[in-house]
Every structure is written in C-alpha cells, then in structure tokens.
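First up is the structure itself, then whatever we jot down about it.
Residue numbers (this note's numbering): 56 to 301.
Following this line, the structure appears as structure tokens:
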C-alpha cells in the first residue's frame, strides 16, 4: 500500500483512545503526513444502518455519507478531498443492543479493499485491546479474553487500565521497537485463533483472513459468552508496509 502519492483517510470510531492510538502509530512509523484521521463519533452499527439498510451499500458514496453525518462544518471539507485509500477502524462491541453477527459479517465481507469501498479493521472487543498487556511482550496475552458480562457492566476498560504495564496509555509502547512487539504479538495471536501457525514474515502470510477471525470470535460469543482480546487496527502497519515491522 505504501506509495509516495498516497493520501489516506482513517475513520476511527471515537475521539479519544482510538484516535490517539492511530495518531501515535502513524507518528512512530513516520507515515503521518500521508494520512488524515477523522472521528466518526458513533459505533459500527450506526454505520451499518446508514449504508446497508437499503440493501446495496455499493451504491452509496462512503465519503459523502460521512460528510452528511459530520456536524463540524470545517470537518465536512475533509470528505470532499480525493483519497487513494479509506480505512475504517471500529470496535466489535458485542454487548451493544444493536449487535448482530449477520450485520458485522456482511460489513467485514464488504469493506475489504482500502482503495475501493474501504478496508474495515475490527478490534476485539474494543480498541483498548492494544493496551491490554502487563509487559511488552506479555507471555500471557494469548490467553486474555473479555466476557460478555464484564462488557455489559462496562468493566473491561477498567480492567485494561489496571492490568496495563504503565497504567498510562501515553507511556505504553512509546518506541518503534515496542510497537513492533505489540503488533507482532497480536498478529501471532490472530494466527493462533485461526488455528494455524504463524510461519512467515512475508506480507502474503503475515495476516490471517479477517472473516475467519471474526467467525471464530462470533462462535465464542455465542457458545461461551466471551471474546479473545485482539487489536487488529494495528495490523494496518503491516498492510501499509511490512518492512516497518522489521
């Protein structure tokens, strides 16, 4: 994806944690100049209603849809720009009353190409997963899960704050080397969830299939009322240029 002429729009769900995380990653890897981060201000199920309820999301211009949703007059101008790629970064939030396995599968199957309709990255259960490590690397990370009960009670974010190595997100993974370790550990966990061994650093083999991971997570939600902690928005760095993780 790396290209000197790239102009990439990153749509994040919220104005705080996910915005700051992507801002931090782009800065650490020296690719901020070609990216524009915008907060959507609401969750993925609202986006579904706006783009999929009439049955043909391909007929909707996502940038114009976002422009109509945007209340800030100055921000609206951003959606009139031309972008080579569009990224959508959202939380699965299985505790949300509007959560639907069918809807989320439909969205992830549709948003697969950043240079076309956009590329969707789902965080499990939410973006705080990036910070859910007591060390870098964390030898126990593969076993971390979040239960539906703690998500319904809004306890997961408190748990991450408590278990985070620094108890302060701004002090966590501040260097490229540490970011590399966090991202690689999430990639390896994704392969573990997919039931396959992480064998290669080649970009073709670096990331497992998004839909496969989602199906496994949805099955765990249905059968066990839990979800494996996994941050996939950080996978964008590998998609952009795998050499950055060297």
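Heads up, the beta-carbon is just placed ideally off N, CA and C, and yes, glycines get one too. For clarity, every value in this text was computed on a predicted model and none was experimentally measured.
Quick one: Cα of residue i to Cα of residue j, how far?
| i | j | result |
| --- | --- | --- |
| residue 82 | residue 157 | 36 Å |
| residue 224 | residue 190 | 13 Å |
| residue 95 | residue 164 | 21 Å |
| residue 228 | residue 160 | 31 Å |
| residue 124 | residue 171 | 20 Å |
| residue 176 | residue 267 | 13 Å |
| residue 24 | residue 235 | Past the boundaries of the shown model lies residue 24; the chain is included only from 56 to 301, so the question cannot be answered. |
| residue 102 | residue 143 | 10 Å |
| residue 85 | residue 278 | 42 Å |
| residue 286 | residue 241 | 6 Å |
| residue 298 | residue 70 | 29 Å |
| residue 249 | residue 269 | 10 Å |
| residue 128 | residue 135 | 12 Å |
| residue 130 | residue 91 | 11 Å |
| residue 226 | residue 214 | 17 Å |
| residue 288 | residue 178 | 6 Å |
| residue 271 | residue 201 | 14 Å |
| residue 197 | residue 275 | 15 Å |
Please classify residue i: does DSSP put it in a helix, a strand, or coil?
| i | result |
| --- | --- |
| residue 101 | helix |
| residue 172 | coil |
| residue 199 | coil |
| residue 178 | strand |
| residue 215 | helix |
| residue 284 | coil |
| residue 139 | coil |
| residue 151 | coil |
| residue 112 | helix |
| residue 262 | coil |
| residue 62 | coil |
| residue 188 | coil |
| residue 183 | helix |
| residue 228 | coil |
Can you name the start and end residues of the beta strand (DSSP E) that residue i belongs to?
| i | result |
| --- | --- |
| residue 242 | Residue 242 -> not in any beta strand (DSSP E); alpha helix (DSSP H) instead, spanning 231-248. |
Is it buried or exposed for residue i, if we count other Cβ within 10 angstroms and need 16 for buried?
| i | result |
| --- | --- |
| residue 230 | exposed |
| residue 245 | buried |
| residue 60 | exposed |
| residue 112 | buried |
| residue 283 | buried |
| residue 169 | buried |
| residue 167 | exposed |
| residue 68 | buried |
| residue 132 | exposed |
| residue 88 | exposed |
| residue 152 | exposed |
| residue 259 | Note on residue 259: pLDDT 45, under 50, position unreliable in the model; the coordinate value appears next. Exposed: under 16 other Cβ atoms inside 10 Å. |
| residue 146 | buried |
| residue 187 | buried |
| residue 174 | buried |
| residue 265 | buried |
| residue 301 | exposed |
| residue 44 | Nothing about residue 44 can be read from this structure; the chain reaches only from 56 to 301. |
| residue 150 | buried |
| residue 195 | exposed |
| residue 104 | exposed |
| residue 148 | buried |
Determine the extent of the alpha helix (DSSP H) in which residue i is found, giving its start and end residues.
| i | result |
| --- | --- |
| residue 205 | 203-207 |
| residue 278 | 265-279 |
| residue 296 | That residue, residue 296, is in no alpha helix (DSSP H); it is neither H nor E in DSSP. |
| residue 120 | 117-124 |
| residue 165 | 156-165 |
According to DSSP, what are the bridge partners of residue i?
| i | result |
| --- | --- |
| residue 67 | 94, 144 |
| residue 83 | Residue 83 is not bridged to any residue. |
| residue 128 | Answer by DSSP bridge pairing: none, since residue 128 is not bridged. |
Report yes if the C-beta of residue i is less than 7 Å from at least one heavy atom of the ligand ZN; otherwise report no.
| i | result |
| --- | --- |
| residue 87 | Ligands are entirely absent from the displayed structure, and the ligand ZN is therefore not among its contents. |
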